[in-house]
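>
Residue numbers (our numbering), protein chains in the order written: chain D, 11 to 233; chain E, 1224 to 1580.
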């Protein structure tokens, strides 16, 4: 007799929150064995745990290493559950091209944002680090992305973010995309100054921002 | 650029230490590769030869007349000397391409660098010696050394050290021991040039690791490093940590550092209250928002705010940028920062009271 669904999802969430990689994988196996819905388990279990870890991060209870280990646990669970997800297009909240701008090779922040976005069901194309502005624009067009997410840790590379936006303007398709920026030296003021559509101070906020930007884009809202 | 200073930095420092009147608060824009813009060379040339770095550093001091000269290009000179791969673009700050090691097993073969022979360190030391010889009579000369935790994070990659702190703590400590020995060797070599090491430990920030991990993995090695420096030179170094640091200010004081340099994400007034009677404080004009992208009037406003917050710090105060300045920081903004300290003058409280806008 399998345990209640809600109890299993709670365990999944707790395993991520408590940085327990093996428990996350084992609990994910339990989901599969019981025949529960894999997407629901990801959403209400793994992603929920990641969101709770993110909350602790915002409250200065968790730090970057804790989020990384939480992500390891989430990925351990995802690895088990992914093959069991029933494809349902209506669930995919959107497509994101993500990367670290040219001149910077720090990618922890970008990787965390990617994890959160994937947990929210976004399809992501990870361009990696040290990516020229033109490659962001090109990849966004090829991938039919709705969101372009650009990260940097270094003040020296911030100008590249502005360049991505001007390249989209030059291409005449600026309105097809929503551009979000983040990273240690970035601020909401800076994002506004360069004409980005949004700024997120951390990975959890970035996930919420991406959801908002996509619904804006689909709703045709342009402020 | 005419300077309105009445004292040299050395004279000012001596007066402050003796409790005598002085002309203005000390002021240190933490300049790094902006020196290339002053000299008119490419950023990569600074890293390639010590003479160019020395000439650029000296010219930049003479242009702005700040209170501590720091020989610094980037944080990757030590990691490179120990096998990390560093990319050096022609005219931008160098960055880390690949760590020196990736696995626990590789720690066994990793050794501390020899600062006199390895990677870019001989050039850095040559520059430090030249700058010291040219300027030491007038202004204290330092050379940056990253803290052991930051060096360890650069040697193995930030994600890997993060995982090791949880899953392989013994391996993390073995790596930190090697990093500490490297830092201590570089510090000794800097002291031998006559200059003073100045510590910077970005990865120890509470924006990155928990205060608990700071205590376990960063603090013990920082403490030993500060102790080594004090033993060899007779003076304790300053310590800069970026990002949020309020939870670790006590720990930063425990290292034995003489001066805490804090980021604009940290509150000078709170730092003054908690540790200001025990250490000098340095900070914290936002480097990118204000010094890079603002106008001189914004810089002045931010500088006055810092002085109002901590100008009366019992352990002393140095007006500084919250972190190293981006290469393209406008000269006019660096001048505006220096001029704010000059405008307030001495005594600081009276100078501030006279400023109404």
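For each residue, glycine too, the CB sits at the ideal point set by N, CA and C.
#1: Taking residue 1461/E as the reference, give the member of 1368/E, 1430/E, 1387/E with the closest Cα.
#2: With a cut-off of 8 Å on the beta carbons, I'd call residue 1256/E and residue 1296/E a contact; round off their distance for me.
#3: Taking residue 1381/E as the query, report the chain D residues whose CB atoms sit under 7 Å from its CB, ordered along the chain.
#4: Assuming residue 1320/E is part of the alpha helix (DSSP H), what are its boundary residues?
#5: Which residue wins for smallest C-alpha separation from residue 178/D, given the options 68/D, 224/D, 204/D, 48/D?
#6: Can you tell me whether residue 228/D is buried or exposed? The criterion is at least 16 other CB atoms within 10 Å of its CB, across all chains shown.
#7: Go ahead and label residue 1492/E buried or exposed: buried means 16 or more other beta carbons lie within 10 angstroms of its beta carbon, across all protein chains shown.
#8: Distance, Cα to Cα, residue 1553/E vs residue 1356/E?
#9: Would you report the Cα separation of residue 1497/E and residue 1506/E, rounded to the nearest angstrom?
#10: So does the region 159-178 of chain D actually touch the region 1475-1488 of chain E, counting three or more Cβ pairs closer than 8 Å?
#11: For the alpha helix (DSSP H) containing residue 37/D, name the first residue and the last one.
#12: What residues from the region 165-176 of chain D come within 9 Å of chain E, judged by C-beta to C-beta, listed N to C?
#13: Closer than 7 Å, Cβ to Cβ, to anything on chain D: give me those residues from the region 1357-1389 of chain E, in chain order.
#14: Using 8 Å as the limit for Cβ to Cβ distance, is residue 208/D near chain E?
#15: Please say whether residue 1228/E and residue 1267/E have beta carbons closer to each other than 8 Å?
#16: Step through the CB atoms of chain E and report whether any lies within less than 8 Å of the CB of residue 75/D.
#17: Less than 8 Å between C-beta atoms, sequence neighbours within five positions excluded: which residues of the same chain meet that for residue 80/D?
#18: Does DSSP put residue 185/D in a helix, in a strand, or in coil?
#19: In three-state terms, what does DSSP make of residue 161/D?
#20: Between 1391/E, 1468/E, 1439/E, which lies nearest to residue 1326/E when the distance is taken from Cα to Cα?
#21: Where residue 1252/E and residue 1421/E are concerned, what is the direct C-alpha to C-alpha distance, given to the nearest angstrom?
#22: Excluding the 5 residues flanking residue 195/D on each side, which residues of the same chain have their C-beta closer than 8 Å to its C-beta?
#23: On the criterion of 16 or more Cβ atoms from any shown chain inside 10 Å, does residue 233/D qualify as buried, or is it exposed?
#24: Looking only at C-alpha atoms, which of 1452/E, 1384/E, 1364/E, 1393/E sits nearest to residue 1404/E?
#25: Taking 8 Å as the cut-off, decide whether the C-beta atoms of residue 1465/E and residue 1482/E are in contact.
#26: Kindly say whether residue 1262/E, judged by its beta-carbon, lies nearer than 8 Å to any beta-carbon of chain A.
#27: Could you tell me the alpha carbon to alpha carbon distance between residue 134/D and residue 1311/E, rounded to whole angstroms?
#28: Comparing alpha-carbon positions, which option in 1501/E, 1359/E, 1248/E, 1524/E lies nearest residue 1538/E?
#29: Roughly how many angstroms lie between the CA atoms of residue 224/D and residue 1434/E, to the nearest whole one?
#30: As a quick exercise: from 78/D, 17/D, 55/D, pick the residue whose alpha carbon is nearest that of residue 1387/E.
#31: Could you compute how far the alpha carbon of residue 1400/E sits from the alpha carbon of residue 1304/E?
#32: How big is the Cα-Cα spacing for residue 1322/E and residue 1379/E?
#33: Using a Cβ-Cβ cutoff of less than 7 Å, which residues in the same chain neighbour residue 1278/E once the five nearest sequence positions on both sides are dropped?
#34: How many whole angstroms separate the CB atoms of residue 174/D and residue 146/D, which I take to be in contact at a CB cut-off of 8 Å?
#35: Quick test of your reading: residue 1300/E and residue 1344/E, contact by CB under 8 Å. State the CB separation rounded to the nearest angstrom.
#36: Quick one: using the 10 Å Cβ neighbour count with 16 as the cut-off for buried, is residue 16/D buried or exposed?
This is what the structure holds:
#1: Residue 1461/E sits at position 238 when you count from the first residue of the second chain. Closest option to residue 1461/E, Cα to Cα, is 1368/E.
#2: Locating residue 1256/E in the second chain gives position 33, where the first residue counts as 1. Locating residue 1296/E in the second chain gives position 73, where the first residue counts as 1. Rounded to the nearest angstrom, the Cβ distance from residue 1256/E to residue 1296/E is 6 Å, consistent with a contact under 8 Å.
#3: In the second chain, residue 1381/E corresponds to position 158, counting from 1. Within 7 Å of the CB of residue 1381/E, the CB atoms of chain D belong to 118, in sequence order along the chain.
#4: What you label residue 1320/E is simply residue 97 of the second chain in a count that begins at 1. Looking at the DSSP string, residue 1320/E is not in any alpha helix (DSSP H); the run it does join, the beta strand (DSSP E), is 1318-1321.
#5: Residue mapping note: residue 178/D aligns to position 168 of the first chain, counting from 1. Comparing Cα-Cα distances from residue 178/D to each of 68/D, 224/D, 204/D, 48/D, the minimum goes to 204/D.
#6: Walking along the first chain from the start, residue 228/D turns up at place 218. Label assigned to residue 228/D: exposed.
#7: The residue you call residue 1492/E lines up with position 269 of the second chain. Exposed, because fewer than 16 other Cβ atoms sit within 10 Å of the Cβ of residue 1492/E.
#8: In the second chain, the residue the question calls residue 1553/E occupies position 330. In the second chain, the residue the question calls residue 1356/E occupies position 133. Cα to Cα, the separation comes out at about 28 Å.
#9: Working through the second chain from its first residue, we reach residue 1497/E at position 274. Working through the second chain from its first residue, we reach residue 1506/E at position 283. Between residue 1497/E and residue 1506/E, the C-alpha separation is close to 15 Å.
#10: no
#11: Numbered from its first residue, the first chain carries residue 37/D at position 27. Where residue 37/D is concerned, the enclosing alpha helix (DSSP H) stretches over 31-44.
#12: Going along the region 165-176 of chain D in chain order, one finds 165, 166, 167, 168, 169 with a Cβ nearer than 9 Å to chain E.
#13: 1381, 1382, 1385, 1386, 1388, 1389: these are the residues of the region 1357-1389 of chain E whose beta carbon lies less than 7 Å from some beta carbon of chain D, given in chain order.
#14: Taking the first residue of the first chain as 1, we reach residue 208/D at position 198. No, because no Cβ of chain E sits closer than 8 Å to the Cβ of residue 208/D.
#15: On the second chain, position 44 is the one that residue 1267/E refers to. On the second chain, position 5 is the one that residue 1228/E refers to. Not a contact, by the Cβ cut-off of 8 Å.
#16: Within the first chain, numbered from 1, the residue matching residue 75/D stands at position 65. Judged by the 8 Å Cβ criterion, residue 75/D is in contact with chain E.
#17: Your numbering for residue 80/D matches position 70 in the first chain. Cβ neighbours of residue 80/D beyond the five flanking positions: 26, 27, 29, 59, 60, 63, 72.
#18: Translated into the one-based positions of the first chain, residue 185/D becomes position 175. Residue 185/D: helix per DSSP, three-state reduction.
#19: Here residue 161/D is taken as the residue at index 151 of the first chain, counted from 1. In the structure shown, residue 161/D adopts extended strand secondary structure according to DSSP, grouped into three states.
#20: Against the second chain, residue 1326/E aligns to sequence position 103. Checking every option, the nearest Cα to that of residue 1326/E belongs to 1391/E.
#21: For this step, residue 1252/E is matched to residue 29 along the second chain. For this step, residue 1421/E is matched to residue 198 along the second chain. One C-alpha to the other measures close to 14 Å.
#22: In the first chain, the residue the question calls residue 195/D occupies position 185. So the list reads 162, 163, 164, 165, 168, once near-sequence residues are dropped.
#23: On the first chain, residue 233/D is found 223 positions in, with the first residue counted as 1. Low confidence applies to residue 233/D: its pLDDT is 45, below 50, so where it sits in the model is not reliable enough to give any reading.
#24: Position 181 of the second chain, counted from the first residue, corresponds to residue 1404/E. If we check each option's Cα against that of residue 1404/E, 1452/E comes out closest.
#25: Within the second chain, residue 1465/E is the residue found at index 242, counting from 1. Within the second chain, residue 1482/E is the residue found at index 259, counting from 1. No, the pair does not count as a contact, with Cβ atoms beyond the cut-off.
#26: Within the model displayed, chain A is absent; protein chains D and E are what it includes.
#27: Sequence index remark: in the first chain, residue 134/D carries index 124 (1-based). Sequence index remark: in the second chain, residue 1311/E carries index 88 (1-based). About 30 Å.
#28: In the second chain, residue 1538/E corresponds to position 315, counting from 1. Among 1501/E, 1359/E, 1248/E, 1524/E, the Cα nearest to that of residue 1538/E belongs to 1501/E.
#29: Position 214 of the first chain, counted from the first residue, corresponds to residue 224/D. Position 211 of the second chain, counted from the first residue, corresponds to residue 1434/E. Taking the straight line from one Cα to the other gives about 37 Å.
#30: Along the second chain, read from residue 1 onward, the residue named residue 1387/E stands at position 164. Ranking 78/D, 17/D, 55/D by Cα distance to residue 1387/E puts 78/D first.
#31: The residue given as residue 1400/E occupies position 177 in the second chain. The residue given as residue 1304/E occupies position 81 in the second chain. If I take the Cα positions, the gap works out to 16 Å.
#32: The residue labelled residue 1322/E in the question sits at position 99 within the second chain. The residue labelled residue 1379/E in the question sits at position 156 within the second chain. Cα-Cα distance, rounded: 5 Å.
#33: For this step, residue 1278/E is matched to residue 55 along the second chain. Correct list, in chain order: 1262.
#34: Taking the first chain and counting its residues from 1, the one referred to as residue 174/D is at position 164. Taking the first chain and counting its residues from 1, the one referred to as residue 146/D is at position 136. Yes, residue 174/D and residue 146/D are in contact; Cβ-Cβ is about 5 Å, under 8 Å.
#35: Within the second chain, residue 1300/E is the residue found at index 77, counting from 1. Within the second chain, residue 1344/E is the residue found at index 121, counting from 1. Yes, residue 1300/E and residue 1344/E are in contact; Cβ-Cβ is about 6 Å, under 8 Å.
#36: What you label residue 16/D is simply residue 6 of the first chain in a count that begins at 1. Per the 10 Å Cβ criterion, exposed.
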